[in-house]
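Residue numbers (this note's numbering): 1259 to 1335. The C-beta atom is built at its ideal place from N, Cα and C for all residues, glycine as well. What follows is a set of notes on a single structure, which appears directly below.
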């Protein structure tokens, strides 16, 4: 198990929410991040990290963000 964490950006909020995730690999951590996103209904973005290494970013399509990265390989924050 590796320690991952998410930084959640919420609109109009000057501070960020942080959530810790224990996961076996990047794919499992990404899946868990998607599950956790339900707890922040109005989030703008959720960035997933393992230590200081950016893993992926989940953007909320309700805010006009594209549901998938515009370019292949642009998953990291």
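Simplified DSSP state of residue i, which is helix, strand or coil
{"i": "residue 1305", "result": "strand"}
{"i": "residue 1287", "result": "helix"}
{"i": "residue 1272", "result": "coil"}
Nearest neighbour of residue i, chosen from the options [CA to CA]
{"i": "residue 1264", "options": "1310, 1282, 1270, 1300", "result": "1310"}
{"i": "residue 1316", "options": "1299, 1291, 1300", "result": "1291"}
{"i": "residue 1259", "options": "1293, 1284, 1302", "result": "1284"}
{"i": "residue 1298", "options": "1322, 1276, 1262, 1261", "result": "1276"}
For residue i, the residue or residues it bridges with in DSSP
{"i": "residue 1295", "result": "According to DSSP, residue 1295 bridges with nothing at all."}
{"i": "residue 1315", "result": "1305"}
{"i": "residue 1261", "result": "1280"}
9 Å Cβ cutoff met for residue i and residue j
{"i": "residue 1304", "j": "residue 1280", "result": "no"}
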